[in-house]
Amino acid sequence: MHRNNDLYNFLLNKINQLTEDWYDSLNKDDDDGVYSSNNSEVIRKLKRQNNDFHKHLCKVFIEEEAKFFNSFEEWINEVAYDEEHVKTPINRIIREFFRVQDQYFHLIEEFISINEGEYNHSQIHSWHLVIIKAFSKVIEKFTEANNKAQQDTIRELSTPVISLNKNSALLPLIGDIDFDKSLLIERTLQKCAQNGIQTLYIDLSGVHTIDEESVYHLSQLIDALQLIGVKTILSGLHPKIAMAAIHLNLPLNKVTIKASLAQALDEEKAVNY
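Sequential numbering of the sequence shown, starting at -9, is according to the numbering used here.
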């Protein structure tokens, strides 16, 4: 009942103006986030994303429901994983979804006014309902994807493999070692392989406690690095950590041990020099 080609074409012809009106009315006083950016490239991308949203949303009036929401998946994932949107508080993003929803309500009223008397109350009511449903579901899917993107970013930061030069990198572990074994191994191996790393320094100077499970995970990482030809150098083991590592059978025979990261790096410089 809500499908209407005339309404679709009316909205489609408005999308460029919708984007400009939306951007012009943005609250750009927020301290952080994509909406307050002064970077011309970020602004251009933001407008393009908003414009693409309208191109998808208009189709709610001509497409089957399943096809409509499936076609939105790519846009949702692109924007949810966009670096600038990941750094933007989710409440501000949802605020903009609702502001855009209001734009559609106003446009529907404009369309009704232009075509006065052509559509009954039931048809008009169905248009409002389908807009509400479309925005609700898109917001739900976007929130899920954005949350996953946030978690991926956190996990990425939890295994920060830092390139030192073209052949070596550093993995600093901080606090109580509490990491996902498969994630740590996967991300570390991936980064080492992608960057052609031959030597990985794992610095434990920021680790204060270590348990059996953590040693097991770290052992698996060392074994995996050895399998892909990466030399592992451990540094910064506090006496308590060293005793625990021995007691819990960390495979120290497969790694080089240095008292500190500075010592390890100084020796590498000396060798390369």
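Positions of the beta carbon are idealized from the N, C-alpha and C atoms, including for glycine.
Helix, strand or coil, according to DSSP, for residue i in the structure here?
i	result
D142	helix
Y263	Any reading at Y263 is ruled out, since the residue's pLDDT is 42, under 50, leaving its predicted position unreliable.
D14	helix
I164	strand
D193	strand
I52	coil
S126	helix
I104	helix
S153	strand
Q7	helix
G112	In the sequence as displayed, the identity of residue 112 is Ser instead of Gly. Of the three classes helix, strand and coil, the one that applies to S112 here is helix, per DSSP.
S30	helix
Could you check if residue i is buried or exposed, using at least 16 other CB atoms within 10 Å of its CB as the buried criterion?
i	result
F88	exposed
L163	buried
S112	exposed
L47	buried
E64	exposed
Y263	Because Y263 sits at a pLDDT of 42, beneath the cut-off of 50, its placement in the model cannot be relied upon, and the following sentence gives the value as read from the coordinates. So Y263 counts as exposed.
S158	buried
T199	exposed
K18	exposed
V218	The question names Val, but residue 218 in the sequence shown is Ile. Classification for I218: exposed.
H237	exposed
H207	buried
A235	buried
K181	buried
I122	exposed
L119	exposed
A249	exposed
A254	buried
Taking C-beta to C-beta, are residue i and residue j nearer than 7 Å?
i	j	result
L211	I247	no
V197	I231	yes
I66	K131	yes
T189	K221	yes
A70	A124	no
H(-8)	S153	no
L194	L160	no
V50	F62	no
K37	T9	yes
F143	V76	The residue asked about is misnamed: residue 143 is Thr in this sequence, not Phe. A contact, by the Cβ cut-off of 7 Å.
A214	I175	yes
S27	D20	no
Y(-2)	I33	no
E74	V24	yes
S209	L240	yes
Which whole runs of the beta strand (DSSP E) in the segment 200 to 258 are 3 residues long or more, in chain order? 221 to 225, 246 to 248
Any contact of the segment 99 to 108 with the segment 42 to 52, i.e. 3+ C-beta pairs under 8 Å? no
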